[in-house]
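In the working numbering, the protein residues as written are 36 to 300.
Note that beta-carbon positions come from the ideal geometry of N, C-alpha and C, so glycine has one too.
Just so you know, these numbers come straight off a predicted model, no measurement behind them.
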C-alpha cells in the first residue's frame, strides 16, 4: 500500500517594536543655565515622606504573573501532560469504569488563547468487550488506555471528505458476526487508524507491529456494528463521517482513550 502522510503544522508569530528619540536644535549662543530643579524621586530637605517607588512596578508584576493552563474537561494533569504541545485537536473516548464496553466520544479543539472547546459530539460508542487496559495484549478483548496519534484513514467506501490520507480498498470488506452475535458487515466502510503498535503514515491495513505481534494491533475507530469490539472504538456511521471531515492533519490530532477515573488523573 502507498505511504501517505498528513501535512505538518507550522505555527509562528513575530512582533517588532521600535522607538525614535528626537532632539531639537539650539541657537549658537547657549542660554544661561537654569536653576536646578529638585528630583521628584527624592524628598525635599526636611520632608519626612518616603521617596516614591518606580512608576508602573505593580502593574508589571501583575502582567508577568503565571496564568493556569486550561485543560480538556475530564482530563487530569497527568494525562493532559501526554498531549503533544503542537496538538490542537483531541478526540476523547472515555468509559465509566475499567470494565465498561460503552463509551462517549467528543472532539475538542484548542484556540489561540489556549482554551479547549468541544467542536463535535458527544457521540455514544462501543469499545472492547472486557473494557480497558494499560497493558494491552492480542486477544485480551480490552481497548488500550493512553494518548495516541491519529493520522491515517480508509475504508471500503469512497472518501467522505476527509482531510486525512484516505485509502479506499476492497480489503476493508468484512463479514461474519460480532461478539454479541450481531452482523459485522459494513463495520469497515470507514475507519481511522489509532497509532497503537503501528507505523504512522501507512494505510490502516498495514500489518507491521513495531512492539511485536503479542502486543496486538489494528486498533481502529470504525463504524459501530451494534455491539462491543475486540479492541477498537466504534461510532455510528454518520458520526464517523462527521469526524473524518472534522479532523485536520495540521492540528496534529490525537485520541485520549480510557476509563474516566484514569483519564482524570
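In the pairwise beta carbon analysis, the segment 147-158 is classified as not touching the segment 187-199: fewer than three pairs are separated by under 8 Å.
A direct Cα-Cα distance of roughly 16 Å separates residue 288 from residue 189. Taking C-beta atoms as the reference points, residue 282 and residue 124 count as a pair closer than 8 Å. With distances taken between CA atoms, residue 129 lies nearest to 168 out of 168, 150 and 152.
DSSP, read as helix, strand or coil, puts residue 191 in coil. Between the alpha carbons of residue 114 and residue 300 lies a distance of about 6 Å. Contact fails between the segment 243-250 and the segment 261-271, because fewer than three Cβ pairs, one in each stretch, are under 8 Å apart. Under the DSSP assignment, residue 122 falls outside any beta strand (DSSP E); it carries neither an H nor an E label.
Note on residue 132: under 16 other CB atoms within 10 angstroms of its CB, so exposed under the neighbour-count rule. Nearest to residue 105 by C-alpha distance, out of 165, 294 and 146, is 146. Exclusion of the five residues before and after residue 215 leaves 262 as the residues of its chain whose Cβ lies within less than 6 Å of its Cβ.
Listed in chain order, the alpha helix (DSSP H) runs fully inside the segment 127-163 amount to none, counting runs of at least 4 residues. Straight through space, the alpha carbons of residue 186 and residue 284 are spaced by roughly 6 Å. Residue state for residue 297 is assigned as helix, using DSSP reduced to three classes.
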